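Presented below is the structure to which this report refers.
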Amino acid sequence: MNTISLNGAWKMRENGTGEWIPAVVPGSVFCDLLAANKLEDPYFRDNDIIAREFASRDYEYVRTFAVTEELLANEKVLLKCYGLDTLATIYVNGQKIAETDDIHRTYEFDVKAILSEGENEIRIVFASALEYVREMNRKLPFEYNIKDTTFGFPHIRKAHNMFGWDSEPEIPDAGIWRDIELIGWSAVRLDTPYVRQTHTPGCADLTIEVLLERLASDAVSVQALLTAPDGTVYETCVQTQEEQAVLALKVENPALWWPNGYGDQPIYTLRVTLKKDGEELDAHEMRIGLRSMRVRREPDQWGESFEIEVNGVGIFAKGGDYIPLDKFLPRETEDRLEKMFRDCAAVHHTCMRIWGGAIFPSDAFYDLADRYGIILWQDFMFACALYHYTPEFEANIIAETRDNIKRLRHHACLALWCGSNENEWLFDEWEHTKTMQKRRDYIRQYEVVLADVAKKYDPDRLYWPSSPSSDGFFHDANGGEMGDIHCWDVWHNAIKPYTAYKEYPSRFTSEFGLQSFPTMKTIREFTLPEDREVCSYIMDYHQRNGNGYGNAHILYYVLQDLPYPHDFEKAVYASHVVQSECVRFGSEYWRRIRGRCMGALYWQVGDCWQAPTWASIDYAGRWKALHYRSRHFFAPVLLSIDEEGANLDLYTVSDRMEDTSCTLRWFLKNATSEVIRSGEMELCVKNGSSACVLSLPKAELLEGVNPREVYLEAELVADGVCLNRNWFLFVKPKHFLFKDPNFQVEVQEEENAFCIRLQAQAYARYVYLDFDEFDCLFDDNYFDMSKGEKTVRITKDTLSKPVSAEEITNSLRIMTVADLF
1 MNTISLNGAW KMRENGTGEW IPAVVPGSVF CDLLAANKLE DPYFRDNDII
51 AREFASRDYE YVRTFAVTEE LLANEKVLLK CYGLDTLATI YVNGQKIAET
101 DDIHRTYEFD VKAILSEGEN EIRIVFASAL EYVREMNRKL PFEYNIKDTT
151 FGFPHIRKAH NMFGWDSEPE IPDAGIWRDI ELIGWSAVRL DTPYVRQTHT
201 PGCADLTIEV LLERLASDAV SVQALLTAPD GTVYETCVQT QEEQAVLALK
251 VENPALWWPN GYGDQPIYTL RVTLKKDGEE LDAHEMRIGL RSMRVRREPD
301 QWGESFEIEV NGVGIFAKGG DYIPLDKFLP RETEDRLEKM FRDCAAVHHT
351 CMRIWGGAIF PSDAFYDLAD RYGIILWQDF MFACALYHYT PEFEANIIAE
401 TRDNIKRLRH HACLALWCGS NENEWLFDEW EHTKTMQKRR DYIRQYEVVL
451 ADVAKKYDPD RLYWPSSPSS DGFFHDANGG EMGDIHCWDV WHNAIKPYTA
501 YKEYPSRFTS EFGLQSFPTM KTIREFTLPE DREVCSYIMD YHQRNGNGYG
551 NAHILYYVLQ DLPYPHDFEK AVYASHVVQS ECVRFGSEYW RRIRGRCMGA
601 LYWQVGDCWQ APTWASIDYA GRWKALHYRS RHFFAPVLLS IDEEGANLDL
651 YTVSDRMEDT SCTLRWFLKN ATSEVIRSGE MELCVKNGSS ACVLSLPKAE
701 LLEGVNPREV YLEAELVADG VCLNRNWFLF VKPKHFLFKD PNFQVEVQEE
751 ENAFCIRLQA QAYARYVYLD FDEFDCLFDD NYFDMSKGEK TVRITKDTLS
801 KPVSAEEITN SLRIMTVADL F
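If you want it as structure tokens, here you go:
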């Protein structure tokens, strides 16, 4: 096997006209235009309007490359394109060799007859996807299109969100966005191996199925070499003249892979090698984790369970949904992805859903999920749309699904394949879907064709027809008795208050959430000072949720809980507080009904540009309140306070695999944190449990006190360490009579951290710490605290620049809910 990479330096221009500019592959049109200063930042103010004009043009990429005699000595020489976006026409040495039309596919083309020894040229022309969609929709219009997108976007197999969505602009890119190379081979080569695992106590049996693509029937040897994290090597080898080889390995006392918070994530390296007469012809290497994983679905008193089980342990899936971290895909670097996974693991996420409206992420994405112990729910790339179902369309989606299943199926983190985002549910929502032909097309696409592809290439993993779904065939797609739900009667649809989440006792909630603004520092990066108003032209322009209310919709939810914020910065802060409270409320509710519900994934983790969205981490990577607070409401042991009728019910919830002995303490305090009533009890919190451990009658708690002046603080303590703490106000925060906490600040420097010691003179809600001139991560932020002392740490490696203790003391900014009055 010989390879020549075609990555690196190319040149690019508008097709047939204009000057050439330098281009980088992998890359994209917009990345190259920006690097050449041919385009201003499309994310700044309303510059995406100008960028959209560039998206209406065709572009060509060209480079030369050297071909060796050694490469041409192979029986086959293939041009392999791992990602072309999207309508590409490929020329080699002036000869047209192929056209492509699917961003999700990996393409191979035999080019040996066209190549010559020495210098050769490759040219790839990309037609405008935006113009293609517009033209196709004139010829064959769709009856309906979701808001905020280019009408007719389902005409092309391209990342749907490139045409806009309810959190991002319409800037469809183009280009060679993944690797491109020449591959020479003869006689036999490997297809992607399929690794199957069977686990019994103390043992993992691996079956490695290898398909061979043959040009000759020569006998070859196929070797599998498995290297454990401790260096132990397991190997096996078979001889074959067939087109398939099956190898078996037995691993005694395997180091098992666990989700985040349940154990370690040991990674084994598997190398499969193809040899003939001792000469290596081909090899494939992958990193795998040894574990059993299934989605447990069994009848019960509520319908049917939907629970991810790893190594026999039921996992409550805690986390969020993923959308790409940039509109321009090449800018989603491995460093940015690692930060996202590190940030999620740090706040107890165990699961992430890859949304079906964008792309199948890079190999690095899944390697990072394996390393950080984040279970992945993988949608196929279909979202909120119907498609013109033709034989050509079917062939394309079979190929793209096959390519990606084979690429990704070895990953330990991958729990299930899912047919689409919301495409079954829309049959309940869209009147024009109610025809037999549309229903037949849907059933064929998701419940026959894609289901068969998943079963053929990955029979050991669940295929789920859509999200949400109750196992398909239009049976109560967003129902709560089985499968998963998207809970959008809060924010969308009925615009209910977030306390309405208690009306939706699901089996697994895979979407829910509330919008907030980006952080102030991020807002300053895409606005001018005159833009910084809640409903200014630019702030409303970056609000892509086409509900007709713009950012006033955020204020609608803010004002349910908080006083009217009288300046923009306070409005931004208030939006973070309410978003966090919304997701906290829902997450705690679904965790309290653990056993019935086994997942709470909020929409969404990150952003692809700077805008008001549902993200917990904004485009610049800055944590909002939601991300900080999820460290508490996703903690392995949770203390949750539920207002139910005349009582406050205190629940303990545990995701641990062992029981936890602890003390429950509660305090009714006034606004200056004087204790009015209190109590404590010893508990044994059972592993994998949820239980109401104490009911406190509100009438007794509030006897003789003003409910606007008191709050409940409760905590679980074990061996002098607080496992979890929670707070409850008897009135909405806007009606609470806060006192001035009058913070005193002292900063101490340690070798690797700064410790900020806060002294408060009264109860403070959602204490927000920040600096104007630099960024960092606090070990806690947006927290509640009673009168007294709290220490917050900043590790130095999270600081965006070196600073002194004095600079931290002088530049620290503090805001609380009381500052909104």
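If you read the sequence shown in the numbering used here, its first letter stands for residue 1, the second for the next number, and so on. All C-beta atoms, glycine included, are put in the ideal place defined by N, C-alpha and C. Every value quoted in this text rests on a predicted model; they were computed, and no experiment measured them.
What do you get for residue i, buried or exposed, if any count of 16 or more other CB atoms within 10 angstroms of its CB means buried?
i	result
serine 467	buried
threonine 390	exposed
tyrosine 218	First, the residue type needs correcting, since residue 218 is aspartate and not tyrosine in the sequence shown. When all chains shown are included, aspartate 218 counts as exposed.
methionine 681	exposed
serine 811	exposed
tryptophan 20	exposed
proline 154	buried
proline 741	buried
methionine 785	buried
aspartate 531	buried
asparagine 404	buried
serine 804	exposed
lysine 455	exposed
valine 422	This sequence places glutamate at residue 422; valine is not what is there. Per the 10 Å Cβ criterion, buried.
asparagine 781	buried
valine 605	buried
glutamate 243	exposed
Excluding the 5 residues preceding and the 5 following residue i in the sequence, name in chain order all residues of the same chain whose CB lies nearer than 7 Å to its CB.
i	result
tyrosine 234	Leu226, Leu249 and Val251
proline 733	Asp561, Leu562, Arg765 and Val817
alanine 500	Asp489 and Val490
Have a look at the DSSP bridge pairing and note the partners of residue i.
i	result
cysteine 237	Gln223
isoleucine 288	Tyr268
glutamate 746	Arg757
histidine 486	Glu511
proline 834	Since the first and last residues shown for the chain are 1 and 821, residue 834 lies out of range.
phenylalanine 517	Looking at the DSSP assignment, phenylalanine 517 forms no beta bridge with any residue, so it has no partner.
lysine 327	Its beta-bridge partners do not exist; DSSP assigns none.
lysine 250	Asp205
phenylalanine 667	Ser678 and Glu713
cysteine 535	DSSP lists no partner for cysteine 535.
For residue i, which residues of its own chain have a beta-carbon under 8 Å away from its beta-carbon, when the five flanking residues on both sides are left out?
i	result
arginine 342	Tyr372
tyrosine 132	Leu87, His155 and Ile156
alanine 762	Ala671, Thr672, Ser673, Phe738, Lys739, Asp740, Pro741, Asn742 and Lys787
cysteine 722	Glu715 and Leu716
glycine 261	His348, Thr350, Gly373, Pro636 and Asp655
Leaving aside the five residues before and after residue i along the sequence, list all residues of the same chain whose C-beta is less than 6 Å from its C-beta, in chain order.
i	result
tyrosine 91	Arg123
serine 469	Glu424, Ala477 and Gly483
tryptophan 603	Asp321, Glu511, Gly513 and Trp614
tyrosine 82	Thr106, Arg178 and Asp179
isoleucine 208	Pro193, Val195, Ala224 and Leu247
alanine 187	Leu215, Ala216 and Asp218
serine 661	Cys684
glutamate 309	Arg294 and Arg296
glutamate 285	Arg271
glutamate 588	Phe633 and Ser640
serine 506	Gly480, Ile485 and Cys597
aspartate 840	An answer regarding residue 840 cannot be provided, because it is not within the stretch 1 to 821 covered by the chain.
lysine 686	Asp659
serine 5	Glu181
Check: Mind pulling the alpha helix (DSSP H) runs of 4 or more residues that sit fully within the region 669-739?
Finding: 698-701
Notebook entry, point to check: In the region 336-417, which residue ranges form an unbroken alpha helix (DSSP H) of at least 4 residues, counting only runs that do not cross its ends?
Noted result: 363-372 and 391-408
Note to self: Any contact between the region 351-362 and the region 318-326? By contact I mean 3 or more CB pairs, one from each, below 8 Å.
What the structure shows: Per the Cβ contact rule, the region 351-362 is in contact with the region 318-326 (3 or more Cβ pairs under 8 Å).
Check: Any contact of the region 519-528 with the region 607-626, i.e. 3+ C-beta pairs under 8 Å?
Finding: yes
Check: Any chance the region 44-52 sits against the region 155-163, with 3 or more Cβ pairs inside 8 Å?
Finding: no
Note to self: At 4 residues or longer, what runs of the alpha helix (DSSP H) sit wholly inside the region 78-140?
What the structure shows: 129-139
Notebook entry, point to check: So, do the region 26-46 and the region 69-80 have three or more beta carbon pairs nearer to each other than 8 Å?
Noted result: no
Notebook entry, point to check: Just checking, does the region 636-651 make contact with the region 538-549 on the three C-beta pairs under 8 Å criterion?
Noted result: no
Next item on the list: Note down, one range per segment and in chain order, each beta strand (DSSP E) of at least 3 residues found wholly within the region 14-60.
Entry: 21-25
Notebook entry, point to check: If you scan the region 141-167 from start to end, which runs of the beta strand (DSSP E) of 3 or more residues do you find wholly inside it?
Noted result: 163-165
Checklist line | Touching by the beta-carbon criterion (3+ pairs, under 8 Å), the region 746-754 and the region 575-589 | finding: no
Check: Whole beta strand (DSSP E) runs in the region 554-617 with 3 or more residues, listed along the chain?
Finding: Listed in chain order, the complete beta strand (DSSP E) runs (minimum 3 residues) inside the region 554-617 are 599-602.
Check: Curious, which full-length alpha helix (DSSP H) runs of at least 4 residues does the region 407-469 contain?
Finding: 426-429, 436-442 and 450-457
Next item on the list: Enumerate, from N- to C-terminal direction, the unbroken alpha helix (DSSP H) stretches of 4 or more residues contained entirely within the region 775-821.
Entry: 805-811
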